[in-house]
Amino acid sequence: MKTWLGLMFAMLAGALVLAGCKKSPGEAAGESDVNGYLCVKCKAKFYTGEGVFAEHCPGCKGFDLKPVVGYVCEKDQHVTVMPRGAGMARCEKCRDPLAAIKLPREPDLKAWGATKKSRAEVCKN
């Protein structure tokens, strides 16, 4: 079990390094200008500006929010956005398995169908 976990960690670390190497300057895998979310209750897709972290869904006001990540396809460079830890990721275009992870940027989230929400819409104060 420990060997399997170690192997998975090494693969994830390698994927992050590879994803970071292929980005343009200023766009590393761990950098983003926005924060994306999926509401578990009503399935709303939304994002907030940099430094704004949602406390509740702007639609149903539910608190069960999943942060989303982007998976980059090596074959076609398409970014598939899905909740973090949702399981095996496959490219939305070619259906190949995905391993390269990055934080999605605003264009990625818009393509996913998310809408931008203000601090007032997703935070108590």
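If you're matching positions, the sequence shown starts at 12 in my numbering and goes up one per residue.
Glycine included, each C-beta is placed from N, C-alpha and C at the ideal position.
Predicted model only: the values in this text are computed from it and were never measured.
Among the options, whose alpha-carbon lies nearest the alpha-carbon of residue i?
i    : options                : result
E103 : P115, F57, V90 and P94 : V90
Are there any heavy atoms of the ligand MG lying less than 7 Å away from the beta-carbon of residue i, as far as the coordinates show?
i   : result
C50 : The ligand MG is not part of this structure, which contains no ligands at all.
Have a look at residue i and residue j and give me their C-alpha separation to the nearest angstrom.
i    : j    : result
V79  : P118 : 14 Å
K56  : V83  : 19 Å
E61  : A131 : 14 Å
E85  : K54  : 28 Å
G70  : R95  : 21 Å
C68  : R101 : 26 Å
L49  : Q88  : 23 Å
P108 : W123 : 18 Å
What is the C-beta distance between residue i and residue j, in whole angstroms, given that I count them as a contact (C-beta under 8 Å)?
i    : j    : result
K128 : T59  : 6 Å
V45  : R106 : Wrong, their Cβ atoms sit about 27 Å apart, outside the cutoff.
V92  : G81  : 5 Å
Suppose the cutoff is 8 Å on Cβ atoms and the five residues either side in sequence are ignored; what does the same chain contact list for residue i look like?
i   : result
L23 : Residue confidence is low: L23 scores 49 on pLDDT, short of 50, so the model does not pin down where it sits. No coordinate-derived value is stated.
M99 : P108
Go through its chain and collect everything with a Cβ distance to residue i's Cβ below 7 Å, but skip five positions before and after it.
i    : result
A125 : G47, K56, F57 and Y58
E66  : V133, C134 and K135
S43  : L114, P115 and R116
What residues in its chain sit with their C-beta under 6 Å from that of residue i, if we drop five residues either side in the sequence?
i   : result
K52 : C71, G73 and D75
key: Three CB pairs or more closer than 8 Å across the stretch 110-120 and the stretch 63-77   = no
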